[in-house]
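If you want our numbering, it's the position in the sequence shown, counting the first as 1, plus 77.
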Amino acid sequence: MDFRYLARYQPQILAILRIVAGLLFLEHGLSKFFGFPAPFPVHPLPTLLAVAGVIELVGGLLVTIGLFTRLAAFICSGEMAVAYWTQHFPKSPWPIANMGEGAILFCFVFLYIAASGPGAWSIDHMRMKAPQP
């Protein structure tokens, strides 16, 4: 089967990846601060988790709507790298054993978005197309 025809939809598929990743990341921040959609098991939040929650809330929202996408995605990627090496890796070097698959996947998806840009359907994309005075 030839999948080359999908290439014409690359900006839209990238946008879908960006929106889904942003919403899933936002969900982690909402859980930490508002207990939605599921309560976070640790309260009060230690400083490191509170900082992570802010990055997840703000970064997840910015990535989802596509505003300052590259910078927001880069910061989110960095947060996930720190989360993996500080919270998951010490438990085991194997991601399946240390439950770090999500952190690794988020890290590299956000790194890809930071490198490739927001795709279609983003505020950044609309700003780039706006006529310059």
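For each residue, glycine too, the CB sits at the ideal point set by N, CA and C.
Item, Value
"Compute the Euclidean distance between the alpha carbons of Pro-118 and Pro-208, then round it to the nearest angstrom.", "48 Å"
"Between Met-131 and Ile-190, how many whole angstroms is the CB-CB distance? I'm expecting something under 8 Å.", "Contrary to the premise, residue 131 reads as Val rather than Met in this sequence. At roughly 19 Å, the Cβ-Cβ gap does not stay under 8 Å, so Val-131 and Ile-190 are not in contact."
"Of the choices Met-203, Trp-198 and Lys-206, whose alpha-carbon is the least far from that of Ile-93?", "Trp-198"
"To the nearest whole angstrom, what separates the beta carbons of Gly-143 and Ile-90, a pair I think is in contact under 8 Å?", "Gly-143 to Ile-90, Cβ: 14 Å. No contact."
"From Gly-137, Ser-193, Thr-146 and Leu-134, pick the residue whose C-alpha is nearest to that of Pro-88; which is it?", "Ser-193"
"Cβ of Ala-180 versus every heavy atom of the ligand SAH: is any distance shorter than 6 Å?", "This structure does not include the ligand SAH; it has no bound ligands of any sort."
"Tell me which same chain residues have a C-beta within less than 7 Å of the C-beta of Leu-126, skipping the five on either side of it?", "Lys-109 and Val-119"
"Skipping 5 residues on each side, what residues in its chain have a beta carbon closer than 6 Å to that of Leu-107?", "Phe-113"
"Of all the alpha helix (DSSP H) runs that stay within the bounds of the region 94 to 143, which reach a length of 4 or more residues?", "124 to 142"
"Can you grab the Cα-Cα spacing for the pair Arg-85 / Pro-195, in whole Å?", "16 Å"
"Short check: CB of Cys-153 to CB of Gly-136, under 7 Å?", "yes"
"Between Phe-111 and Glu-133, how many whole angstroms is the CB-CB distance? I'm expecting something under 8 Å.", "12 Å between Cβ atoms; not a contact."
"What's the gap between the Cα of Tyr-161 and the Cα of Ala-149?", "18 Å"
"At the level of alpha carbons, what is the spacing between Lys-206 and Arg-95?", "19 Å"
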